[in-house]
Amino acid sequence: MTIHPRGRIVRGAAVAGTLALTLTACGGGEGTDDGGGAGAGDGGTVDTAAVLEEGGSLTVWAWEPTLEQVVEDFEAEYPNVDIELANVGTGNDQYTALQNAIAAGSGVPDVAQIEYFAVPQFAIGEALTDLTQFGAGELEETFSPGPWGSVQQGEAIVGLPMDSGPMALFYNQDVFEAAGVEVPTTWDEYLEAARAIHAHDPNAYITNDIGDAGFTTSMIWQAGGQPYQVDGTDVTVDFTDEGSARFAEMWQTLIDEDLLAPTVGWSDEWYQGMSNGTIASLTIGAWMPANLESGVPSGAGSWRVADMPQWEEGEMATSENGGSSLTVPEASEKKELAYAFIEYANVGDGVQTRLDGGAFPATTAELGSEEFLNVEFDYFGGQKVNEVLSRSAENVVEGWQYLPFQVYANSVFNDTAGQAYVGDTTLAEGLADWQEATVTYGSDQGFTMAE
Amino acid sequence: MATALRPARPTAGTPRRTGRGYSVDRPRRSPLLTVLTGIVLIYSLVPLVWLFVNSTKTQESLFNSFGLWFSGEFALWDNIATTLTYDGGVFVRWLGNTLLYVVVGAGGATLLAILGGYALAKFTFPGKRAVFAVVIGAVAVPGTALAVPTFLMFSQMGITNTPWSVIIPSLISPFGLYLMWTFAAEAIPTELMEAARVDGASEWRTFWQISLPLLAPGIVTVLLFTMVATWNNYFLPLIMLRDPDWYPLTLGLNAWNAQAATAGGEAIFHLVITASLLTILPLIAAFLLLQRYWQSGLAAGSVKE
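Protein chains in written order, with this note's numbering: chain G, 1 to 451; chain C, 1 to 305.
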């Protein structure tokens with residue numbers, strides 16, 4: 001029962017169309033710099049209290065649902081500040097809107113939510129304010145390493161991490177038990193489990209995948225691959241490294257043996273598959289519990305969380321999947337006030353508000369607190385889920401980088417690597433195609449590309 | 001007498017046989033054609049049936065039941081009530097916005113098309129051929145291609161993110177103008193206008209009292225076209241609008257749908273489906289009410305009377 005299997009291709013085209021427009025325009029924006037950041041040039045911390053007391057209005061573009069409550073609380077605490085929270089679209093839609101506004105030079109918000117994979121794209125166009133001038137440089141210990149690394153661009157801090165998505169294995173215990181399968185701890189065992197589940201019930205699959213750029217890069221990340229090397233405008237793309245090959249080989253076996261449900265992630269069929277047990281597990285980011293609770297209510301009591309399967313038995317290496325930051329666009333004229341808000345939302349009282357709303361934190365204090373770790377999730381049969389997710393956050397493999405045009409690259413994933421799921425090519429060949437398309441695009445945009 | 005020369009009119013009881021053995025009164029039956037028509041009919045109706053059936057389900061039974069038949073409790077009324085009140089009743093706001101865009105945008109587009117089409121069909125003036133070329137050219141340019149340039153232009157004028165940014169582009173309908181033009185040329189005999197002028201009617205009065213009534217079927221046709229186009233418009237508001245309070249239904253529904261694809265977002269497929277049903281009802285009503293005029297409009301000029 002298809003309504004809208006997310007319009008990836010259409011949306012991708014829209015992004016690609018506006019991107020060319022924007023990358024040039026971002027550069028042009030430099031001249032009209034600043035004005036808002038005045039008085040903070042000494043690198044010291046801004047007097048947040050005074051800024052908040054003076055007040056003003058802020059436009060915030062974000063789709064993250066728990067922010068609504070954060071904004072309400074914030075306005076109650078600082079009555080002089082008026083925040084207009086607008087959901088201008090999720091993910092790519094918002095990036096298109098943001099790029100359009102930056103290109104047009106008007107209507108740019110004071111705060112924008114940007115996912116980690118898209119941060120470099122806006123940062124390299126110098127569309128984002130460097131927050132070290134407000135004292136953000138001192139927050140390194142505050143955030144877990146994965147998200148913190150994602151908002152760092154060279155010396156600059158271009159956003160504050162809002163949430164994080166350390167990966168774990170979410171699985172339907174009932175389906176696993178019915179098939180007589182143990183929870184896999186390595187990817188070899190995962191492969192065995194996939195075979196057993198599908199053999200037990202031909203309609204059931206261990207997971208779904210018809211080609212998802214975010215998942216693929218996260219998996220390569222965990223496998224130790226570093227296909228993207230970015231140094232300023234010098235970019236290297238290489239999907240032939242060991243980590244990428246490791247993932248491609250294992251996942252190819254799943255594709256070849258038809259062990260993956262041909263369902264688009266986040267579609268209604270996807271929720272349906274998890275609801276009726278035909279999608280038995282997901283290796284996905286730590287924010288998933290809230291989506292399971294609201295989207296798969298009938299799965300309550302059946303689902304559990306386990307560590308992400310490992311490449312070598314006994315190891316513990318994970319990666320990030322999703323997660324986003326709050327940034328202050330360079331074109332904002334109220335940067336100090338904007339920073340005061342994102343500090344409240346991502347470091348201050350907003351963190352607890354968002355935790356209560358089911359979000360997964362990026363702050364080490366929360367990740368390590370007994371209160372957080374000991375929460376028993378009724379949905380997961382009373383399991384202390386956060387223990388698993390927190391452990392994952394600590395073990396994220398370091399050194400991963402995204403492209404400065406990852407939004408575009410992801411939009412052409414299905415035309416290249418994604419063909420391995422539907423056509424005759426292999427995943428390794430598909431990744432090579434993806435690499436080629438990425439390098440061509442990067443060169444066209446003026447990056448110095450190497451393979 | 002002229003009547004005597006005409007062949008006897010065939011009566012209902014004895015249909016006149018043509019060489020191939022069928023006529024309008026007694027159509028030839030073709031099983032193949034019937035089956036093909038039937039397939040097309042089902043193909044067009046199934047999505048509607050699906051939409052209605054699934055509007056009656058809860059989110060839970062939506063996932064666990066067969067898509068084309070009812071299941072579980074009959075939740076249509078609950079779903080409608082929730083749709084209208086969810087997120088502070090924002091659906092009603094979107095419905096109001098869409099109506100505004102349709103009334104002002106499509107209504108205005110129709111008005112402009114009538115005036116322009118009439119003038120082009122019934123008056124001669126220098127540069128008419130150039131206007132013709134521009135209009136025909138404009139029909140060929142997809143609105144989507146103009147959306148981004150329009151955005152940049154409107155942005156400089158400072159009217160993006162306001163209802164005007166959706167209404168003003170909607171006012172332009174080259175195809176509507178072209179349709180009105182051809183229709184006016186056919187439907188209004190020039191002799192009639194000359195007669196009115198001879199009788200001393202002003203140009204305004206000729207237009208208002210003689211021409212406009214003759215144009216009615218064409219007007220309804222153009223109105224329906226522009227209405228549907230504005231009601232369904234997605235890309236233009238997507239580019240122009242940032243404030244969810246000004247969203248039309250198309251953008252609003254997409255935002256609701258996208259909610260399920262968001263980390264921590266609430267999946268509300270049952271509301272998206274119910275809202276979709278509510279969204280198409282006004283269009284269905286408009287078609288049923290205006291169908292008569294519309295049909296006669298399409299057939300105008302096809303028979304020499």
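Ideal Cβ positions, reconstructed from N, Cα and C, are used throughout, including at glycine.
Values in this document were obtained by computation on a predicted structure and should not be read as measured data.
Alpha carbon to alpha carbon, how far is residue j from residue i? Give it in angstroms, no decimals.
{"i": "C:P217", "j": "C:Y293", "result": "5 Å"}
{"i": "G:A331", "j": "G:S324", "result": "20 Å"}
{"i": "G:E182", "j": "G:N172", "result": "12 Å"}
{"i": "C:A260", "j": "G:G146", "result": "25 Å"}
{"i": "G:L128", "j": "G:P329", "result": "4 Å"}
{"i": "C:L45", "j": "C:S276", "result": "15 Å"}
{"i": "G:Q47", "j": "G:G107", "result": "The identity of residue 47 of chain G in the sequence shown is Asp, whereas the question assumes Gln. Cα to Cα, the separation comes out at about 27 Å."}
{"i": "G:Q310", "j": "G:V396", "result": "12 Å"}
{"i": "G:E394", "j": "G:P289", "result": "19 Å"}
{"i": "G:A280", "j": "G:A178", "result": "11 Å"}
{"i": "G:A450", "j": "G:Q229", "result": "9 Å"}
{"i": "G:V175", "j": "G:G295", "result": "18 Å"}
{"i": "G:D241", "j": "C:S170", "result": "52 Å"}
{"i": "G:G368", "j": "G:S164", "result": "14 Å"}
{"i": "G:N100", "j": "G:E77", "result": "33 Å"}
{"i": "G:D258", "j": "G:P202", "result": "10 Å"}
{"i": "G:A261", "j": "C:Q59", "result": "22 Å"}
Kindly list, in the order they appear in chain G, the residues whose Cβ is closer than 8 Å to that of residue i.
{"i": "C:S308", "result": "Residue 308 of chain C lies beyond the residue range present for chain C, which begins at 1 and ends at 305; the question has no answer from this structure."}
Sorted by chain position, which residues of the same chain lie with C-beta nearer than 7 Å to residue i's C-beta, five sequence neighbours on each side aside?
{"i": "G:Q121", "result": "P404, F405, Q406, V407"}
{"i": "C:G200", "result": "none"}
{"i": "C:N54", "result": "L62, G67, I273"}
{"i": "C:I114", "result": "M180, L215, I219"}
{"i": "G:A432", "result": "F239"}
{"i": "C:A130", "result": "none"}
{"i": "C:A81", "result": "none"}
{"i": "G:E118", "result": "According to the sequence as given, residue 118 of chain G is Ala; it is not Glu. Taken in chain order, the residues that qualify are Y95, Q406, V407."}
Please list, in chain order, all residues of the same chain as residue i whose beta carbon is under 8 Å from its beta carbon, the five residues on each side excluded.
{"i": "G:D465", "result": "With chain G covering 1 to 451 only, the question about residue 465 of chain G has no answer from this structure."}
{"i": "C:N161", "result": "M240, L241, R242, D243, W246"}
{"i": "G:M219", "result": "F247, W251, T283, S319"}
{"i": "C:L84", "result": "F91, V92"}
{"i": "C:K306", "result": "The structure shown does not extend to residue 306 of chain C, since chain C is modelled only from 1 to 305, so the question has no answer here."}
{"i": "C:I210", "result": "I188, L192, M193, A196, A201"}
{"i": "C:F207", "result": "Y118"}
Residues of chain G with CB under 9 Å from residue i, in chain order?
{"i": "C:F60", "result": "The sequence as given places Glu at residue 60 of chain C; Phe does not occur at that position. Result: S275, P297, S298."}
{"i": "C:N64", "result": "Q272, S275, N276, S298"}
{"i": "C:E266", "result": "P65, A290, N291, S294, G295"}
{"i": "C:P244", "result": "A86, N87, V88"}
By Cβ distance, which residues of its chain are closer than 6 Å to residue i, with the 5 residues on each side in sequence left out?
{"i": "C:M227", "result": "V102, A106"}
{"i": "G:A123", "result": "Q153, V158"}
{"i": "G:N80", "result": "G55"}
{"i": "G:D82", "result": "S57"}
{"i": "G:G442", "result": "V235, M449"}
{"i": "G:F447", "result": "T233, V235"}
{"i": "G:V71", "result": "I83, L85"}
Since residue i meets chain C, which of its residues come closer than 7 Å, beta carbon to beta carbon?
{"i": "G:W287", "result": "A263, G264"}
{"i": "G:W266", "result": "A260, A261"}
{"i": "G:A76", "result": "Going along chain C, no residue has its Cβ under 7 Å from G:A76, so there is no contact; the nearest lies around 18 Å."}
{"i": "G:A97", "result": "R242"}
{"i": "G:G107", "result": "S155, T160, N161, R242"}
So with CB distances below 7 Å, who are the chain G contacts of residue i?
{"i": "C:I239", "result": "N100"}
Mind pulling the chain C residues with CB within less than 8 Å of residue i?
{"i": "G:A104", "result": "F151, L152, S155, Q156, T160"}
Closer than 9 Å by beta-carbon distance: list the chain C residues that pair up with residue i, in chain order.
{"i": "G:G322", "result": "A263"}
Taking a cut of 8 Å between CB atoms, which residues from the segment 156 to 173 of chain C lie near chain G?
Q156, G158, T160, N161
What ranges does the alpha helix (DSSP H) occupy inside the segment 176 to 213 of chain G, keeping only unbroken runs of at least 4 residues that lie completely in it?
187 to 200
If you scan the segment 303 to 362 of chain G from start to end, which runs of the alpha helix (DSSP H) of 4 or more residues do you find wholly inside it?
335 to 346, 350 to 356
By the 9 Å beta-carbon criterion, what residues does the segment 252 to 281 of chain C contribute toward chain G?
N254, A255, N257, A258, Q259, A260, A261, T262, A263, G264, G265, E266, A267, I268, F269, V272, I273, S276
Of all the residues that make up the segment 126 to 160 of chain C, which are near chain G by a beta-carbon distance shorter than 8 Å?
V148, F151, L152, S155, Q156, G158, T160
Enumerate, from N- to C-terminal direction, the unbroken alpha helix (DSSP H) stretches of 4 or more residues contained entirely within the segment 40 to 93 of chain G.
48 to 54, 67 to 77
Output needed in chain order: residues of the segment 337 to 365 of chain G with a Cβ under 9 Å from some Cβ in chain C.
R354, G357, G358, A359, F360
Contiguous beta strand (DSSP E) assignments of at least 3 residues, all confined to the segment 92 to 147 of chain C
none
Contacting positions in the segment 162 to 173 of chain G - beta carbon closer than 9 Å to chain C
D163, G165
Any chance you could list the beta strand (DSSP E) runs of at least 3 consecutive residues sitting entirely within the segment 134 to 173 of chain G, in chain order?
167 to 172
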